[in-house]
Structures are given as C-alpha cells and as structure tokens.
Amino acid sequence: PVVPDQYSRAVDWLSRYGYLPPPDPRTSKLQTKEGIEEAIRVMQRFGGIQETGVIDSETVKLMSTPRCSLPDIVGRMDLRRRRRRKR
Amino acid sequence: YALSGLRWHKTDLTWSIHSYPSPSISPSLSKDLVNSIMRYGFKAWSDVAPLKFHQLPGDSSGGATAGGDIRVSFASLLHDDGYPFDGRGGTLAHAFFPGRDEVAGDTHFDDHEIWSYGVIKNNLFTVAVHEFGHALGLSHSSSDPSIMRPYYQGPVGDVSTFKLPMDDRLAIQQLYGVKDADRPGVVDPNLPRLPSRPPPKPTHSDPSFHERCQGGFDAIANIRGEVFFFKGSQFWRTQRDGSLVSLNPAQIKNFWRGLPPGTNKIDAVYERKSDSKIIFFIGSEYWVFKDTEAMAGYPRPLSEWGMRRKNGQLVDRVDAAFIWAHNGKTYLFSGGEYWRFDESRKGDQATRQPDLDYPRKNKLWEGIPLHMDDVISWGEGDAYFFKDNSYWVFMKGRLTQDAVTPKSIGEDWLRCPAPPSTSTAASPRFPQECRCDLKG
C-alpha cells in the first residue's frame, strides 16, 4: 500500500512533469481521484511500464529514476483552456 | 516523437561552454574532455540534419548575451533560471527550447551529479545529446529507442560512431530537413579523438582517501537525516542532499563527547525514534547520547537489552543496529542473528526485552552477507545493508531485493572514483557461484 507521503510526492511529481495541471492557488482546486488515476496511466504509458492507474512499485521506481527536468507533457493546461473557450 | 513547436530559423548555430563540472565531484572529466564530448553531442544531430555548430569561447563571467545560441553550463540548486536543480539524483539536466528569449537554447547540467565519460554514473555524452535535442526544439518522446526519452538510460556506446535512433532522426528532420539524403557529414578534422576508454583515475597519495574509499566501516548510521560512516577513531558524514561534508575524516572524540579516551572502534549506532537520542554500541556496553554529549550514567551493560541466543547465552556485542522505517521497530544484529525491539514507549527504561520469536537468522534477508557492517533506513524508508565497500537495498518493508547486485558505498556515498572494471563479483552468500549480467 502507498503511504500518504508517497502519494503526495507522486502527485507532486505528476504535476511537475506535466501529467497533472499545476495546483492553482486562486481556486484551491483539488485533483479528482479519476484525474490522478488517468495521469498515472498516461505516465505509465509514456514510461513504457504496465498501465495500472495506481502507484505501484514499478511506478515508484520509474518516478525515482534520474531524468531530465523538462516536463513530458507540454501545454496540457493551454489545451484545456482552449477546449473550454471553444465550448 | 514530439516537437515543442519551436525551432531555430537558421541552420548555423553557435555554442559555448560557460562552466565545467566541479573536479571534486566529477574528477574523471577534464575541460578538454568536456569540450570534446559536447562537440560529439552536437555532431549526433548535425549528422542527420543540415545543421552546423560553431563553438565560441566561453564567458566565465556569465555575461548575459555572450556565448552564442546555445550556452552550456554546469550549475547546482538555484541557478537563476527559475528551474532549480535538486542535488544528486533526481533531475540531471535541462535545456531551453529555441526562440528569441535570452535563455533560448541554454543547456544546464546539474553540477551535483557525478558526470563521467564511462559506463559508471551519469554518462555526460548521453545526457548532452538529449539536452541538445531540447535546445534544437524536440520534446520528450515515449518511443523506445529514442535519445529523447525523459529517463536516463545509461551510456549509448562508442561516442564517435553514435547514430541517433530513427525516432530522433525523423524528429530533427521534421524541423530542419534531411541532410544530403541522410548521409553522415564529412568528418570534421577538428574533432578530437576521444579516448576509447574513460581516462585513468587520478592517483591519490592521501591516506584518508584509501580509508574512505576502501570501505569496511565499523558502523554506519542515519542520524537526523545524515549518514555517518565510522571507521577506527574517525568518521565521515554525508548530508541529506548526498554531499560529503568533507573528504577528510573527523575525529570521533572531537564530535561525540563522552566516549572513553582511546575509543578506536564503534560496533553500531542508531538514532532512537521515540526521543531522537543516539545509541552507541561498543563491545559489551552501550551509551546513550543527547545530541553529541553522552548522558550521565553511561556506559551500561549490553545485557540490559535481554538479547539471548537460542542456547540461552547472552549476546556480548552488536554488529549492526537500525530502525526499520516501515514498522518503526528497532533491529539489533549479532553473530548472524537479529532481535527486534519495540521502543515506542520505553524511553530510557533500562531493562528491555526483545519481541517474542527472536532471534531470527540474518539469512531471512535474501542476498546479503550474513555478517554485515551495519544497516540504515534511508530514502523512502528502504533498508540499506552495508558490508565492506558494498551495499544492498531492500525496498520498504521487504525482505527480498529487486536486484541482488550490490552497489558501491565509495562511489555512491563518499565521492570515490569507480574501481576499474573487473569480472562480475561472486554472490556474497554463495562465493562459488557465478552471476551473469545482461551482457554475460
């Protein structure tokens, strides 16, 4: 089982590398459980490991692997804003 | 592949190096070698796209506009670009996409990392090719193989003959076109020949270097988030960020006050979870320290811990001690066996009793030597077992490892160079057995 500290670190990691929108201090928006699961799936797909949607040991291991500090998903927020405007 | 949407609107690009890796952290890389590695890093891209890279002299003063399009530097932690590095491990490097911003194209390597030109640690060429991909407009790719995968993948082989994977070739050619039917360009006669192997390690005449780098520590402890390596009458100290406080050892008697004069061997040390006091085991006695001062009334006999072997014999020394972060229990090791204690409510109470069903055999921890030097909890609560100059990691709460291959204490904790490559070491528990790596 994933301990809370590990979970919050994982969410921070997902935000940092573009899989989750960064926290918005103006709205204090909470990430939804489904949103985080989907972000984990995308991260797992991108990293070439099994897509489980949960922070399993393989996922923790991949998140601990040394890496480039640029995000993997660029412009996710811009894309969402554009979609909202379009609607 | 993925593109950032940005590219240079010219194909003649200039670059420069503004700082080099710290010799104390990456001693195997001279400035000349770094220059050569970077040139070959650019060549990987100019081999497949009509790009030309011209090196300019670096500006060590850090001038804002000097240095051309792509400015390479080695920096640590906060380095004035809004994207701080995080010390050793974690993030290794980053680069800014092309554009008109002042920082466009700039490529920064984390100077806290141990950079190398060999197979050990972070291969600078591999990371440089990746970052130059960003500086030219490529984003991270999920394809395998691709040099633009975000995770460090290890050395790519011979630098002078390296060819980009197809995914990366298609990406750069999408931005800048194909170079002469994708034929590698004429070899630049100015390109230096790189040594076929990493340069020899510098020799060290300092005796403390051998003491530090040959391993075989008496005790190792995680105290307040720093790791202390005790050996003889001295100790070294590695901080939370992985940096060594000093290459030179400190004297135990000058820092830990209250141990008997002439103390030249400590068997085991750990920091008690319940009150953060620090316990030292030496022979058949133990001391309790409040910060760096031994408390009054110590030493006291080890027999107070109630550690008996199956035959009823009292244990007269401790090999290793640690608190396993996953359950908060204290573990003491002696003579191939270990005992577990719950210290959560006992404080300084003199008489202790181990949990029932102990001792147990050390062999329950799969793949480690039966007699280890010491154990700590570290990182995400993982258990680290140390013996000689090797250590083994057990992920949180597990008695087995993902890989039983030991790692080097000297290289990973104490800023020591990698030893010359030798045949694969035998399993510590079954020395007659061979182990094969992937290439073997």
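First to last, the sequence lines map onto chains Y and A.
Counting in my numbering, the first sequence runs from 1464 upward without gaps.
Counting in my numbering, the second sequence runs from 62 upward without gaps.
All C-beta atoms in this analysis are idealised placements derived from N, C-alpha and C, irrespective of residue type, glycine included.
As the structure is a prediction and not an experimental result, all values here were calculated from the model.
CB contact below 8 Å: residue i versus chain Y
i	result
glutamate 472 of chain A	no
proline 263 of chain A	At proline 263 of chain A the pLDDT is 42, less than 50, meaning the model places this residue with poor confidence; the figure from the coordinates comes in the next sentence. Taking Cβ atoms only, chain Y never reaches closer than 8 Å to proline 263 of chain A, which makes this a no.
glycine 148 of chain A	no
methionine 456 of chain A	yes
threonine 168 of chain A	no
proline 211 of chain A	yes
histidine 173 of chain A	no
serine 83 of chain A	no
serine 395 of chain A	no
threonine 152 of chain A	yes
histidine 155 of chain A	yes
histidine 140 of chain A	no
aspartate 352 of chain A	no
serine 80 of chain A	no
asparagine 96 of chain A	no
histidine 432 of chain A	no
aspartate 205 of chain A	yes
asparagine 388 of chain A	no
tyrosine 144 of chain A	yes
Residue nearest to residue i in terms of C-alpha spacing, selected from the options
i	options	result
alanine 189 of chain A	A/Val376, A/Asp205, A/Ser202 and A/Val220	A/Val220
arginine 421 of chain A	A/Arg413, A/Ile437 and A/Phe402	A/Phe402
serine 204 of chain A	Y/Asp1475, Y/Lys1496, Y/Met1506 and Y/Gly1510	Y/Gly1510
glycine 319 of chain A	A/Ile340, A/Leu308 and A/Lys334	A/Ile340
glycine 66 of chain A	A/Leu431, A/Gly160 and A/Asp435	A/Gly160
aspartate 130 of chain A	A/Phe383, A/Lys71 and A/Ser451	A/Lys71
serine 307 of chain A	A/Ala196, A/Arg273 and A/Asn315	A/Arg273
lysine 182 of chain A	A/His191, A/Ser87, A/Tyr359 and A/Val239	A/Ser87
leucine 138 of chain A	A/Thr152, A/Phe290 and A/Trp69	A/Thr152
lysine 92 of chain A	A/Gly238, A/Pro310, A/His195 and A/Leu255	A/Leu255
asparagine 309 of chain A	A/Gly276, A/Ser269 and A/Phe290	A/Ser269
tyrosine 419 of chain A	A/Val454, A/Glu441 and A/Asn372	A/Asn372
Neighbourhood of residue i by C-beta, 7 Å cutoff - its chain only, sequence neighbours within 5 removed
i	result
proline 261 of chain A	For proline 261 of chain A, the predicted structure reports a pLDDT of 41, less than 50, and the residue's modelled location is therefore unreliable. The matter cannot be settled from this model.
lysine 338 of chain A	Val349, Phe350 and Lys351
is_contact[residue i, chain A] using C-beta, thresh 8 Å
i	result
arginine 1504 of chain Y	no
aspartate 1535 of chain Y	yes
glycine 1516 of chain Y	no
glycine 1498 of chain Y	no
threonine 1528 of chain Y	yes
Same chain, Cβ closer than 6 Å to residue i, neighbours up to 5 away in sequence not counted
i	result
tyrosine 1470 of chain Y	none
valine 379 of chain A	Asp328, Ala329, Phe342, Leu393 and Ser395
aspartate 228 of chain A	Tyr62, Ser202, Ser204 and Ser207
Opposing strand residues paired with residue i [DSSP bridges]
i	result
valine 299 of chain A	The amino acid occupying residue 299 of chain A in the given sequence is threonine; valine does not appear at that position. Threonine 299 of chain A pairs with A/Val288 and A/Leu305.
tryptophan 176 of chain A	A/Asn183
valine 133 of chain A	A/Ile78 and A/Thr168
glutamine 214 of chain A	Glutamine 214 of chain A is not bridged to any residue.
tryptophan 366 of chain A	Answer is none; tryptophan 366 of chain A lacks a bridge partner.
tryptophan 385 of chain A	A/Lys390
serine 451 of chain A	A/Lys448 and A/Ser469
tyrosine 347 of chain A	A/Phe342 and A/Arg361
valine 330 of chain A	A/Phe341
threonine 152 of chain A	Y/Arg1530
glutamate 354 of chain A	A/Arg318 and A/Lys351
Helix, strand or coil at residue i [DSSP, three-state]
i	result
glutamine 1513 of chain Y	coil
tyrosine 1482 of chain Y	coil
valine 376 of chain A	coil
serine 1532 of chain Y	coil
aspartate 435 of chain A	strand
serine 395 of chain A	strand
asparagine 283 of chain A	strand
aspartate 73 of chain A	strand
isoleucine 339 of chain A	strand
glutamine 116 of chain A	strand
histidine 271 of chain A	helix
arginine 318 of chain A	strand
tryptophan 1476 of chain Y	helix
tryptophan 400 of chain A	strand
glutamine 1494 of chain Y	coil
Cβ neighbours of residue i in the same chain (closer than 8 Å, five flanking residues each side left out)
i	result
threonine 187 of chain A	Ile208, Tyr213, Gln214, Gly215, Pro216 and Val217
tryptophan 439 of chain A	Asn283, Val288 and Tyr445
alanine 411 of chain A	Confidence at alanine 411 of chain A is low in this model, with a pLDDT of 49, below 50, so its placement is unreliable and no value can be given for it.
arginine 1508 of chain Y	Glu1514
phenylalanine 291 of chain A	Phe278, Asp279, Ala280, Ile281, Ala282, Ile313, Ile327 and Val330
phenylalanine 193 of chain A	Gly102, Phe103, Ala105, Trp106, Ile131, Ala156 and Thr168
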